[in-house]
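As given, the protein sequences belong to chains F and P, one line each in that order. In our numbering, each residue carries its 1-based index in the first sequence increased by 281. In our numbering, each residue carries its 1-based index in the second sequence increased by 281. Beta carbons: idealized from backbone N, C-alpha and C, even for Gly. All remarks here apply to the structure that follows.
Number of protein chains: 2
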Amino acid sequence: MAKEKKVTFADIAKYTGFSKTTVSRFFNDRDSLTLENQKKIQDALDVLGYQENKLAKVLANGKSEFIGIIIPNLYLNYYAEMLELLLSCYDQYGYKFLVFRANSKEEVERAYIRELQAYKIEGLIVLSHTIPSQELAAFQIPTVAIEREAEDICSICVDNEEGGRMAAEHLIEDGCDDLIQVNTFFPQSSPAYGRITGFNQACHKKSRQPVLIQAEFSDTYESIQQKIAEIFEQIDEHYPKDHIKGVFLANDTYASMFVKQILRKYKEFPDTYKVIGFDNTRAAQECAVGLTTIAQPMKEMADQAMELLNLQMEMKKKRIPETLDKPVHIKISPSLVARETA
Amino acid sequence: MAKEKKVTFADIAKYTGFSKTTVSRFFNDRDSLTLENQKKIQDALDVLGYQENKLAKVLANGKSEFIGIIIPNLYLNYYAEMLELLLSCYDQYGYKFLVFRANSKEEVERAYIRELQAYKIEGLIVLSHTIPSQELAAFQIPTVAIEREAEDICSICVDNEEGGRMAAEHLIEDGCDDLIQVNTFFPQSSPAYGRITGFNQACHKKSRQPVLIQAEFSDTYESIQQKIAEIFEQIDEHYPKDHIKGVFLANDTYASMFVKQILRKYKEFPDTYKVIGFDNTRAAQECAVGLTTIAQPMKEMADQAMELLNLQMEMKKKRIPETLDKPVHIKISPSLVARETA
Numbered sequence: 282m283a284k285e286k287k288v289t290f291a292d293i294a295k296y297t298g299f300s301k302t303t304v305s306r307f308f309n310d311r312d313s314l315t316l317e318n319q320k321k322i323q324d325a326l327d328v329l330g331y332q333e334n335k336l337a338k339v340l341a342n343g344k345s346e347f348i349g350i351i352i353p354n355l356y357l358n359y360y361a362e363m364l365e366l367l368l369s370c371y372d373q374y375g376y377k378f379l380v381f382r383a384n385s386k387e388e389v390e391r392a393y394i395r396e397l398q399a400y401k402i403e404g405l406i407v408l409s410h411t412i413p414s415q416e417l418a419a420f421q422i423p424t425v426a427i428e429r430e431a432e433d434i435c436s437i438c439v440d441n442e443e444g445g446r447m448a449a450e451h452l453i454e455d456g457c458d459d460l461i462q463v464n465t466f467f468p469q470s471s472p473a474y475g476r477i478t479g480f481n482q483a484c485h486k487k488s489r490q491p492v493l494i495q496a497e498f499s500d501t502y503e504s505i506q507q508k509i510a511e512i513f514e515q516i517d518e519h520y521p522k523d524h525i526k527g528v529f530l531a532n533d534t535y536a537s538m539f540v541k542q543i544l545r546k547y548k549e550f551p552d553t554y555k556v557i558g559f560d561n562t563r564a565a566q567e568c569a570v571g572l573t574t575i576a577q578p579m580k581e582m583a584d585q586a587m588e589l590l591n592l593q594m595e596m597k598k599k600r601i602p603e604t605l606d607k608p609v610h611i612k613i614s615p616s617l618v619a620r621e622t623a
Numbered sequence: 282m283a284k285e286k287k288v289t290f291a292d293i294a295k296y297t298g299f300s301k302t303t304v305s306r307f308f309n310d311r312d313s314l315t316l317e318n319q320k321k322i323q324d325a326l327d328v329l330g331y332q333e334n335k336l337a338k339v340l341a342n343g344k345s346e347f348i349g350i351i352i353p354n355l356y357l358n359y360y361a362e363m364l365e366l367l368l369s370c371y372d373q374y375g376y377k378f379l380v381f382r383a384n385s386k387e388e389v390e391r392a393y394i395r396e397l398q399a400y401k402i403e404g405l406i407v408l409s410h411t412i413p414s415q416e417l418a419a420f421q422i423p424t425v426a427i428e429r430e431a432e433d434i435c436s437i438c439v440d441n442e443e444g445g446r447m448a449a450e451h452l453i454e455d456g457c458d459d460l461i462q463v464n465t466f467f468p469q470s471s472p473a474y475g476r477i478t479g480f481n482q483a484c485h486k487k488s489r490q491p492v493l494i495q496a497e498f499s500d501t502y503e504s505i506q507q508k509i510a511e512i513f514e515q516i517d518e519h520y521p522k523d524h525i526k527g528v529f530l531a532n533d534t535y536a537s538m539f540v541k542q543i544l545r546k547y548k549e550f551p552d553t554y555k556v557i558g559f560d561n562t563r564a565a566q567e568c569a570v571g572l573t574t575i576a577q578p579m580k581e582m583a584d585q586a587m588e589l590l591n592l593q594m595e596m597k598k599k600r601i602p603e604t605l606d607k608p609v610h611i612k613i614s615p616s617l618v619a620r621e622t623a
């Protein structure tokens, strides 16, 4: 490996004929130079093979341009797609993303955030549910939560209650005899809890009795598939064959698995089942039968999350740092995408 | 936001009763202290609310513990799963991962790597195909490529030729009349090219004539699905109805889409089609019919990639930095996972 030579401001000044002050301005206040002079210096850097040391700059001005992203997993399409959308914001903002895959171990996640703090990250996007927002707020890093409990930090989420209502109303219009929701256990502080209340309210409004099946879903694909298969068997055995069973599931991945179980048993998708997923991820497109689902406007959510984070970051970087008076919470309306399953 | 107080080594020394030298050793050579004394200092840090400034340390010793990962996309399950496996190595190595989603724009990717270099990243894992390995080598960062052209850098890949052979032999044993491979266009330097030669060789060995259908697949899910639908129609119209058509596709995502087209047309999976995918990702499990596939041992590949990268990073950090004499290339054997489609 060739020896790396250190190119100094003096070298650049000598090569271009500019003063060292001018070269320094190129790095610290580029727009104060004419475009022509900027280009001259840029060309010199390329020719001389100058390597900028951003860390030294970060130490001086605190602007690391690092953003931490904490994501629970990548096997649920929702998280993989949201991560892809967030990473794609590099083009627009130039921020570099440090990604951590949370494994629900609180201590590891906490240690990781502390580490990020030591590296002077400027912002944090949290999709994991591990650490309460009160504790996240105490880290004093500009933070945005996406679809998780966020009492003490800024957040973006879909209007889950509205989503639950939409699903129930659609299943009732579809002539379903039974209205069943399949979901995980979560505290009432979780935004997804709104789906349960929304679904139930819409049913009660039409004097219908909703059924809620809650289950623990662990975090491997195989075990989730196994659990969904059990729930399908339970529903299929319990309800009369000729009833139209309307089933609203926690996400498209689960809904897709449920449809797969129906197809395994009945070969074709029968008129006696109506299935609705949530998110409108690629799991919905990949489903063997076009999956009806409640769509989260994910691109809009990713964009708004970045905007809200950037706002806080900019405020913190002011000569006299500012913070928001209280956390901003943005709720975005979902929409129903009707395909073949309902 | 409360004012952050700066806790100094002197504060820690005063609180614990240790000398400043001992406190300094805690940060720079922790193992030289007894476990008991380490704990005393750690407790003091927690009580005093000490914030380590890792950047200052990195500037001093060059060990940023940052690794860059460049990934083409997250909509192919292969990349999402490989990224998840790599990120999970944080527990073992403590490295922090800066993730960049390549969008095939060479200039953006190049600029990003230069930026990472300015942040003193210690290693790079490249899954994108954008920049030639010769150019990547010139960055002089310890690098490992996974499943991509890697003449001038270390690499991990599956034995693609062996995979192609396995697929052909399985389809021939299955009594297929037609042996068709569906793949993308790529240069012979790409490891995946081995699948084409392996498939063809195995066919010729049994005096059978393979057919290769190559197509441009763009990088959105919808357009790939559209292309696969066209290819299915083309095959289904061209070959006699009663022929057993053996189709080997570039990855499980494409194979899953192909199976979906078959099911749309024939309702049940017919005896006249045999389909094999590649990778054994969750796309294979999600497929409406159990998808037969050539499995890449992804966990093993991720582990070996990290090991090979770590080796190079350790060599570079020695008092007299060392590099490998030449790039190490590791090839891992695939295996056939037989399910329902072949």
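Determine the closest residue to residue i out of the options, with distance taken between C-alpha atoms.
i: T574 (chain P); options: P:T297, P:R620, P:R306 and P:K522; result: P:R620
i: F539 (chain F); options: F:A449, F:P551, F:F513 and F:K546; result: F:F513
i: Q495 (chain P); options: P:F290, P:H485, P:Q482 and P:E511; result: P:E511
i: P608 (chain P); options: P:G404, P:N481, P:D433 and P:L408; result: P:D433
i: M363 (chain P); options: P:D440, P:K526 and P:M579; result: P:M579
i: D372 (chain P); options: P:D327, P:Y356, P:E346 and P:F480; result: P:E346
i: K526 (chain P); options: P:L544, P:D312 and P:D552; result: P:D552
i: F378 (chain F); options: F:F290, F:F467, F:I350 and F:K597; result: F:I350
i: E251 (chain F); options: P:Q332, P:E581 and P:P602; result: With chain F represented from 282 up to 623, any question about residue 251 (chain F) goes unanswered, as that position is not in the structure.
i: T411 (chain P); options: P:T289, P:Y356, P:S385 and P:Y520; result: P:S385
i: T501 (chain P); options: F:E603, F:C484, F:M594 and F:E365; result: F:E365
i: L408 (chain P); options: P:I352, P:S471, P:R311 and P:K522; result: P:I352
i: T604 (chain P); options: P:M594, P:I613 and P:K612; result: P:M594
i: E450 (chain P); options: P:A418, P:S488, P:G375 and P:V288; result: P:S488
i: N441 (chain F); options: F:P423, F:K401 and F:A483; result: F:A483
i: E518 (chain P); options: P:L417, P:Y376, P:K546 and P:Q507; result: P:K546
i: D606 (chain P); options: P:A418, P:S537, P:Y356 and P:I394; result: P:A418
Once you ignore the five residues that flank residue i on each side, which residues in its own chain have a CB closer than 8 Å to its CB?
i: Y535 (chain P); result: V463, F498, I505, I509 and G558
i: R600 (chain F); result: none
i: F550 (chain P); result: V540, I543, L544, V570, E621 and T622
i: E285 (chain P); result: Bear in mind that the predicted position of E285 (chain P) carries a pLDDT of just 49, short of 50, making it unreliable; the figure below should be weighed with that in mind. Closer than 8 Å at the Cβ level, and outside the excluded window around E285 (chain P), lie Q332.
Just to confirm, are residue i and residue j a CB contact at a threshold of 8 Å?
i: I348 (chain F); j: I437 (chain F); result: no
i: A576 (chain F); j: N561 (chain F); result: yes
i: A399 (chain F); j: N309 (chain P); result: no
i: A431 (chain P); j: S414 (chain P); result: yes
i: L493 (chain P); j: I477 (chain P); result: yes
i: R429 (chain P); j: L368 (chain F); result: no
i: K548 (chain F); j: K548 (chain P); result: yes
i: P615 (chain P); j: G475 (chain P); result: no
i: K598 (chain F); j: K338 (chain F); result: no
i: E567 (chain P); j: E567 (chain F); result: yes
i: L314 (chain P); j: F307 (chain P); result: yes
i: L544 (chain P); j: A569 (chain F); result: yes
i: K555 (chain P); j: L336 (chain F); result: no
i: K321 (chain F); j: T297 (chain F); result: yes
Near residue i, which residues of its chain fall below 6 Å by C-beta distance, leaving aside the five closest residues on each side in sequence?
i: V425 (chain P); result: I406, C435, A586, L589 and L590
i: I293 (chain F); result: V304 and A325
i: H524 (chain F); result: D458 and D459
Examine chain A for any beta-carbon lying closer than 8 Å to the beta-carbon of residue i, and answer yes or no.
i: L417 (chain F); result: The structure shown contains no chain A; its protein chains are F and P.
Which residues in the same chain have their Cβ closer than 7 Å to the Cβ of residue i, if we skip the five residues on either side of it in sequence?
i: F467 (chain F); result: A473 and Y474
i: E390 (chain P); result: I351, A383, S409, T411 and I412
i: N354 (chain P); result: Y360, R382 and D500
i: A283 (chain P); result: Since pLDDT at A283 (chain P) reaches only 40, below the 50 mark, its modelled position is unreliable, and no value is offered.
i: A291 (chain P); result: K301
_Below 8 Å, how does it come out for the segment 456 to 470 of chain F and the segment 520 to 536 of chain F: are there three or more Cβ pairs, yes or no?_
Enough Cβ pairs lie closer than 8 Å, so yes.
_Contacting positions in the segment 519 to 547 of chain F - beta carbon closer than 7 Å to chain P_ = Cβ contacts with chain P: S537, K541 and L544.
*What are the residues of the segment 371 to 390 of chain P that lie near chain F, defined by any Cβ-Cβ distance shorter than 8 Å?*
Look at the segment 371 to 390 of chain P: the residues with a C-beta under 8 Å from a C-beta of chain F are Y371, D372, K377, F378, L379, V380, F381, R382, N384 and V389.
_Any C-beta of chain P within less than 8 Å: which residues of the segment 323 to 334 of chain F qualify?_
Taking 8 Å as the cut-off between beta carbons, the residues of the segment 323 to 334 of chain F near chain P are Q332, E333 and N334, in sequence order.
*Using a beta-carbon distance cut-off of less than 7 Å, what residues from the segment 591 to 615 of chain P approach chain F?*
For the segment 591 to 615 of chain P, which is checked against every Cβ of chain F, the residues closer than 7 Å are T604.
*Using Cβ-Cβ distances below 9 Å, what residues of the segment 561 to 582 of chain F are close to chain P?*
Those residues of the segment 561 to 582 of chain F that come within reach of chain P (Cβ to Cβ, closer than 9 Å) are R563, A564, Q566, E567, C568, A569 and V570.
*Which of the residues in the segment 389 to 412 of chain F, read from start to end, lie with their CB under 9 Å from any CB of chain P?*
For the segment 389 to 412 of chain F, which is checked against every Cβ of chain P, the residues closer than 9 Å are V389, Y393, R395, E396, L397, Q398, A399, Y400 and K401.
*Closer than 8 Å, Cβ to Cβ, to anything on chain P: give me those residues from the segment 468 to 495 of chain F, in chain order.*
For the segment 468 to 495 of chain F, which is checked against every Cβ of chain P, not one residue is closer than 8 Å.
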